[in-house]
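Numbering (mature numbering (1 follows the signal peptide of the UniProt record, and there is no 0)), first residue to last: -23 to -1, 1 to 306.
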Ligand code: FCA
């Protein structure tokens, strides 16, 4: 009798043991989510989606801003003192990859990147850091095709249309996107000589506005303009510059990328602007999936795959609410 009871107790202890340990370790999982532009709707949504997943699955997400290298390194120190096991990051500069990885290694933290992929000292993507981001070239092609289609709808003669290409060649994903858009436009019969570059210093509206303004002034001979860039925030900077120069909405076709609050606000205006549309990608999915990948890695030791590429869908003033719902935004 005593032996049986003892046996049962041992059995219970054995089965309860690992369960308790599992619950304990899940409770303790804490990760950072560091973003380069914490005020942009895209990044706010990513961080919120990661936090919501943490609430569902039982891990904690610390939302942090990393607008330059110094801020990123302090954020990592801060995470370490809070006992975090790793972080998801969209870095302010992809060339900070090696420095960020050094600091993370000192603390034994696991790192995954989202949106902008680290570049190593050899100038190549750091393949050993798992990444999730847009398939930049393909999404760029969607932008180019959307512009070509709208030019056709408006009956514009390609020979008389100029393109404002807002570029950021420091950032590979930005280059892929504008290269994809350019290729699709040329394919549709757009004139190569009518493409004018506006290199921006950053990835936001104000840097795009500053880059775009002088291009309109110099090319006053064109009446019809198309505008594209790595994201909708930048296209909006170009559209604002076109308005300031005196162009009407029906003289401008701007198509962005992201499908975030910046685009929703523009589509909600009473009158249409030169911002025709944007290729929407699910920032909700980017936030959830990258956090989930890191969570699996921390809890199961399962390293996420080297690169996950996501796709997009064109959103315009006519369908934006439907696409928003479809993508869970
Ligand atoms: C880059 C851009 C963001 C967003 C993201 C997916 O980080 O700056 O606007 O497009 O890629």
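All residues carry an ideal CB built from backbone N, CA and C; glycine is no exception.
This structure is a prediction, so every number in the text was calculated from the model and none was measured.
Legend entry - residue 70 Cβ short of 6 Å to the ligand FCA heavy atom set: no
Inset, instruction - Find out if the Cβ-Cβ distance for the pair residue 230, residue 253 is shorter than 7 Å. - result: yes
Legend entry - As assigned by DSSP and simplified to three states, the class of residue 261: helix
Legend entry - Every unbroken beta strand (DSSP E) within the stretch 49 to 126, with a cutoff of 3 residues, ordered by chain: 63 to 67, 87 to 91 and 108 to 111
Inset, instruction - Report the rounded CA-to-CA distance for residue 137 versus residue 155, giving the unit in angstroms. - result: 21 Å
Legend entry - Span of the alpha helix (DSSP H) around residue 162: 149 to 164
Legend entry - residue 32: first and last residue of the uninterrupted alpha helix (DSSP H) it sits in: 18 to 34
Legend entry - Span separating the alpha-carbon of residue 105 from that of residue 181: 29 Å
Inset, instruction - Please indicate yes or no: does the CB of residue 105 lie closer than 6 Å to some heavy atom of the ligand FCA? - result: no
Inset, instruction - Give the DSSP-derived three-state secondary structure of residue 169 in the structure shown. - result: helix
Inset, instruction - Count the other C-beta atoms from every protein chain shown that fall within 10 angstroms of the C-beta of residue 309, then say buried if there are 16 or more, exposed otherwise. - result: Nothing in the structure corresponds to residue 309, since the chain is present only between -23 and 306.
Legend entry - Inter-residue Cα distance where the pair is residue 157 and residue 206: 11 Å
Inset, instruction - Note down the Cα distance separating residue 107 from residue 89, rounded to an integer number of angstroms. - result: 5 Å
Inset, instruction - Under the assumption that residue 71 contacts residue 148 (Cβ atoms under 8 Å), give the Cβ distance between them as a whole number of angstroms. - result: 6 Å
Inset, instruction - For residue 228, collect the residues of the same chain with a Cβ closer than 8 Å to its Cβ; drop the 5 residues on either side in sequence, then sort them by chain order. - result: 200, 201, 202, 219 and 251
Inset, instruction - Would you mind giving the Cβ-Cβ distance between residue 29 and residue 10, rounded to the nearest angstrom? I have them listed as a contact below 8 Å. - result: 12 Å between Cβ atoms; not a contact.
Inset, instruction - Label residue 178 either buried or exposed according to how many other C-beta atoms from any shown protein chain fall within 10 Å of its C-beta, with 16 as the threshold for buried. - result: exposed
Inset, instruction - Taking 8 Å as the threshold, find out whether the stretch 91 to 103 comes into contact with the stretch 112 to 132 through three or more Cβ pairs. - result: no
Inset, instruction - Please name the residue or residues paired with residue 304 in a DSSP beta bridge. - result: Note: residue 304 sits in no beta bridge, so no partner.
Inset, instruction - Determine the burial state of residue 144: buried for a count of at least 16 other Cβ atoms within 10 Å of its Cβ, exposed for fewer. - result: buried
Inset, instruction - Spell out the partners DSSP gives residue 252 in its beta bridges. - result: 231
Inset, instruction - Measure the beta-carbon distance from residue 122 to residue 161 and round it to whole angstroms, keeping in mind my assumption that it falls under 8 Å. - result: 5 Å
Inset, instruction - Spatial neighbours of residue 80 within its chain, please: CB distance less than 6 Å, with the 5 preceding and 5 following residues excluded, ordered by chain position. - result: 50 and 53
Legend entry - Where the alpha helix (DSSP H) through residue 240 begins and ends: 238 to 244
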